[in-house]
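Engineer: Before I ask anything, here is the structure I am working with.
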Amino acid sequence: MQKLSSITSIGDHVQSNIFSIEEIRGDFPVLSRRVRDDKKLVYLDNAATTQKPNQVIDAITEYYQNHNSNIHRAVHALAEESTEAFEVTRDKIAKFLNIQNREEIVFVKGTTEAINLVAYAWGRDNVKKGDIVVTTEYEHHSNIVPWQLLREETGAKLEYIDIDENGELKLEQLDEYLATGNVKLVAISHVSNVLGTITDVQKVIKKCKDAGAKILVDGAQAVPHMKVDIASLGCDFYAFSAHKMLGPTGVGVLWARKELLENMRPFQGGGDMIREVHKYETTWNDLPYKFEAGTPNVADVICFAAAIDYLTKIGMDNVRNHEIDLTKYALEKMSKVKGLTIYGPKDPQKASGVISFNFNDVHPHDVATIIDKNGVAIRSGHHCAQVLMEKLNVAATNRASFYIYTTKEEVDTLIDSLEQVAEVFKL
Amino acid sequence: MSGDPIYTEMIIEYSRNPSNYGKIDDAHIQRHDSNPLCGDSIDLYLNIDDKKISDVKFDGKGCAICMACSSVLTEMIKGKSLDEVKKFEKDELLSELGLQHLIKTSPVRIKCALLSLKALKYGIYSYFADKMNDVESAGNLKDEAANLY
Numbered sequence: 205m206q207k208l209s210s211i212t213s214i215g216d217h218v219q220s221n222i223f224s225i226e227e228i229r230g231d232f233p234v235l236s237r238r239v240r241d242d243k244k245l246v247y248l249d250n251a252a253t254t255q256k257p258n259q260v261i262d263a264i265t266e267y268y269q270n271h272n273s274n275i276h277r278a279v280h281a282l283a284e285e286s287t288e289a290f291e292v293t294r295d296k297i298a299k300f301l302n303i304q305n306r307e308e309i310v311f312v313k314g315t316t317e318a319i320n321l322v323a324y325a326w327g328r329d330n331v332k333k334g335d336i337v338v339t340t341e342y343e344h345h346s347n348i349v350p351w352q353l354l355r356e357e358t359g360a361k362l363e364y365i366d367i368d369e370n371g372e373l374k375l376e377q378l379d380e381y382l383a384t385g386n387v388k389l390v391a392i393s394h395v396s397n398v399l400g401t402i403t404d405v406q407k408v409i410k411k412c413k414d415a416g417a418k419i420l421v422d423g424a425q426a427v428p429h430m431k432v433d434i435a436s437l438g439c440d441f442y443a444f445s446a447h448k449m450l451g452p453t454g455v456g457v458l459w460a461r462k463e464l465l466e467n468m469r470p471f472q473g474g475g476d477m478i479r480e481v482h483k484y485e486t487t488w489n490d491l492p493y494k495f496e497a498g499t500p501n502v503a504d505v506i507c508f509a510a511a512i513d514y515l516t517k518i519g520m521d522n523v524r525n526h527e528i529d530l531t532k533y534a535l536e537k538m539s540k541v542k543g544l545t546i547y548g549p550k551d552p553q554k555a556s557g558v559i560s561f562n563f564n565d566v567h568p569h570d571v572a573t574i575i576d577k578n579g580v581a582i583r584s585g586h587h588c589a590q591v592l593m594e595k596l597n598v599a600a601t602n603r604a605s606f607y608i609y610t611t612k613e614e615v616d617t618l619i620d621s622l623e624q625v626a627e628v629f630k631l
Numbered sequence: 003m004s005g006d007p008i009y010t011e012m013i014i015e016y017s018r019n020p021s022n023y024g025k026i027d028d029a030h031i032q033r034h035d036s037n038p039l040c041g042d043s044i045d046l047y048l049n050i051d052d053k054k055i056s057d058v059k060f061d062g063k064g065c066a067i068c069m070a071c072s073s074v075l076t077e078m079i080k081g082k083s084l085d086e087v088k089k090f091e092k093d094e095l096l097s098e099l100g101l102q103h104l105i106k107t108s109p110v111r112i113k114c115a116l117l118s119l120k121a122l123k124y125g126i127y128s129y130f131a132d133k134m135n136d137v138e139s140a141g142n143l144k145d146e147a148a149n150l151y
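Respectively, the protein sequence lines represent chains D and P. Under this note's numbering, read the first sequence as residues 205 to 631, first letter to last. Under this note's numbering, read the second sequence as residues 3 to 151, first letter to last.
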């Protein structure tokens, strides 16, 4: 029987410069699947969720076959193994993102829950009537709606940083908001899930710090695609999800400064988050457990470590370079397709591997349905970003998003498939 | 791609030139509905005279399936009595465009096809229940609408 600790240490510290797509694709069983009329699957919906390598799938099986147990409580062998493996993931995240204090890493079910945790446990005590929360026009609903709820509850103001015609933020507007002296929090995406725009977070964070505002960064589309160094960023809150970076669904991370977490009230009450419970009063457990009420997603947290190992082995700089290369290739080819409108930055250095587009006046749902017959999986719709859709004045867009296993041939298949859309719609 | 089971000539034609597209000012019934995940969003307008649908229009944004089905629905119910329209089944609409297969093959796209019918059922329900105070005539249209897809 394989030990859990050995499963979750695959590829530790190994930074490989050899990036063989063939080899990588071989680790992902679903990529060799055929769909619809025996068409090769071309999976270009990685901004929604990525596929999982065998290493992650095997870790789940191994956990349930040999180690399954609740954690942090019992003293028996399985409980000790599970607890250790669970905490190993926390350490790996700390190392992966250069986080100094492991107790600042809180496991949640995803980025959405992480942001809601901040809005509830920090926002309700720190944001008052007349205060301002600033977000942007290119946020996912998960970084808009929690602030709308907070606004309703507290009477605070919610302000937006607009985007320009290149899909980049008009950061001078942030200066204006900060100049009022009333901004308590700036909540901003590190990378836009629709446009792929990379926010100049370094600049935003500096502005916020100078003005004394707290800064939350939604890193759901950043951590999977580029090197993120939390210590040098210097933000206050950072959130991301495991399933967008080869890991399982149902696991996310909220990182927050220790002093903030210490002063925040709990998000949920229950088991594991307490030190002592009496009839009418309770004292809280240490960080991060104060924010991890109830049995967490033990199995998926444990196998998330295998995903981090996998990415560590490839090297995040290699991941990023591969995506720049692919995006450059795709943008060059797509800009030659008649009737194709691309939204967002046209410079691959300024964007992650996400391309949003519309094809003539064909509704994105029709585009996606027609190319799906070719096995091409893209996302169509508003991408949980209706504020951005309003700004772009479209009901929806198509979105192709790439990852480490995406090939140029797959980009070609996407573009060739658009010809069929043109044929069906007699364009 | 001849013989495409969804994108027939008729559907493409309707999506390019929808029937009864537009707005009725001060319509007796106006119902907005949308599919939150795909972005189809329509308004259905109906005028009722002498217990008949004297006029019907729709507007909004949607995919080809949504546009075609909304067009055909408005064509099919115009001039019909409310009693007839209340009994209108989804199969009648889908078979008109050869889309019955969507019920089985595409749980996502069936929502595009039936959005306007859902708006119709809700609209007539609220016409009877809220405007005419006639809950009996409204029948179970609300449940039918809610369970359409």
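Backbone N, C-alpha and C define an ideal beta-carbon position, used for all residues, glycine too.
1. Quick check on DSSP: helix, strand or coil for residue 122 of chain P?
2. What do you reckon, are the CB atoms on residue 572 of chain D and residue 41 of chain P nearer than 8 Å?
3. Residue 339 of chain D and residue 362 of chain D - do their beta-carbons sit closer together than 8 Å?
4. What would DSSP say about residue 455 of chain D, mapped onto helix, strand or coil?
5. If you run the structure through DSSP and keep just helix, strand and coil, what is residue 210 of chain D?
6. If you draw a straight line from the alpha carbon of residue 346 of chain D to that of residue 601 of chain D, how long is it in whole angstroms?
7. Which class does residue 219 of chain D belong to by DSSP, given the choice of helix, strand or coil?
8. Mind listing the chain D neighbours of residue 6 of chain P? Cutoff is C-beta to C-beta under 9 Å, in chain order.
9. Between the beta-carbon of residue 374 of chain D and the beta-carbon of residue 512 of chain D, is there less than 8 Å?
10. Please say whether residue 331 of chain D and residue 388 of chain D have beta carbons closer to each other than 8 Å?
11. Look up residue 418 of chain D in the DSSP assignment and give the residues it is bridged to.
12. Between residue 313 of chain D and residue 43 of chain P, what straight-line distance do the alpha-carbon atoms span, to the nearest angstrom?
13. In this structure, how does DSSP classify residue 444 of chain D when only helix, strand and coil are distinguished?
14. So is residue 175 of chain P in contact with chain D if we call contact Cβ pairs under 8 Å?
15. How far does the alpha helix (DSSP H) with residue 90 of chain P in it extend, from its first residue to its last?
16. Give the straight-line distance between the Cα atoms of residue 526 of chain D and residue 519 of chain D, rounded to the nearest whole angstrom.
17. Based on DSSP bridge pairs, tell me the residues matched to residue 32 of chain P.
18. Assign residue 335 of chain D to one of two classes, buried (16 or more other C-beta atoms within 10 Å of its C-beta) or exposed (fewer than that).
19. In the DSSP assignment, the beta strand (DSSP E) including residue 479 of chain D goes from what residue to what residue?
20. Give the straight-line distance between the Cα atoms of residue 96 of chain P and residue 102 of chain P, rounded to the nearest whole angstrom.
21. Give me the chain D residues within the contact set of residue 151 of chain P, using Cβ-Cβ distance strictly less than 7 Å, ordered along the chain.
22. For residue 83 of chain P, which option in P:144, P:55 and P:22 has the closest C-alpha, if you only look at C-alpha atoms?
23. Which bits of chain P does residue 620 of chain D rub up against, with CB to CB less than 9 Å?
24. Ignore the nearest five residues each way along the sequence and tell me which others in residue 98 of chain P's own chain have a CB closer than 8 Å to its CB.
25. Taking DSSP as the reference, what is the three-state secondary structure of residue 63 of chain P?
26. Strictly below 9 Å CB to CB, what residues from chain D border residue 25 of chain P?
27. Alpha carbon to alpha carbon, how far is residue 464 of chain D from residue 47 of chain P? Give it in angstroms, no decimals.
28. Spell out whether any CB of chain D is found under 8 Å from the CB atom of residue 40 of chain P.
29. Should residue 249 of chain D go down as buried or exposed, given a rule of 16 or more other Cβ atoms within 10 Å for buried?
30. How long is the line joining the alpha carbons of residue 240 of chain D and residue 233 of chain D, rounded to whole angstroms?
31. Measure from the alpha carbon of residue 229 of chain D to the alpha carbon of each residue in D:424, D:629, D:624 and D:610, then state which is nearest.
32. Please check the pair residue 382 of chain D and residue 411 of chain D, which I expect to be a contact at CB under 8 Å, by giving their CB distance rounded to whole angstroms.
33. So residue 127 of chain P and residue 140 of chain P are supposed to be a Cβ contact under 8 Å. How far apart are they, rounded?
34. Using a Cβ cut-off of 8 Å, pull out every chain P residue sitting near residue 600 of chain D, in sequence order please.
35. Below 8 Å on the Cβ atoms is my guess for residue 514 of chain D versus residue 450 of chain D; work out the distance and round it to an integer in Å.
36. Please report how far the alpha carbon of residue 337 of chain D lies from the alpha carbon of residue 391 of chain D, in whole angstroms.
Structural biologist: In short:
1. Three-state result, residue 122 of chain P: helix.
2. Not closer than 8 Å, so no.
3. yes
4. coil
5. Summary for residue 210 of chain D: the model assigns pLDDT 42, below 50, so the residue's position carries little reliability, and this model does not support an answer.
6. 19 Å
7. Bear in mind that the predicted position of residue 219 of chain D carries a pLDDT of just 45, short of 50, making it too unreliable to give a figure here.
8. 574, 577 and 628
9. Not a contact, by the Cβ cut-off of 8 Å.
10. yes
11. D:389
12. 31 Å
13. It is a strand residue.
14. Here chain P covers residues 3 to 151 and nothing more, so residue 175 of chain P does not appear.
15. Note, residue 90 of chain P: premise wrong, no alpha helix (DSSP H); not H, not E.
16. Taken atom to atom, the span from the alpha-carbon of residue 526 of chain D to that of residue 519 of chain D is near 11 Å.
17. The bridge partners DSSP lists for residue 32 of chain P are P:47.
18. buried
19. 478-481
20. 5 Å
21. Residues of chain D passing the Cβ test: none, with the nearest at roughly 15 Å.
22. P:55
23. Near residue 620 of chain D there are no residues of chain P at all, since even the closest Cβ is about 13 Å away, more than 9 Å.
24. 74 and 78
25. strand
26. By Cβ distance, chain D contributes nothing, its closest Cβ being about 18 Å from residue 25 of chain P, past 9 Å.
27. 53 Å
28. yes
29. buried
30. 17 Å
31. Taking the Cα of residue 229 of chain D as reference, the smallest distance to any Cα among D:424, D:629, D:624 and D:610 is reached at D:610.
32. Confirmed, Cβ separation roughly 6 Å.
33. At roughly 5 Å, the Cβ-Cβ gap stays under 8 Å, so residue 127 of chain P and residue 140 of chain P are in contact.
34. 40 and 41
35. 6 Å
36. 7 Å
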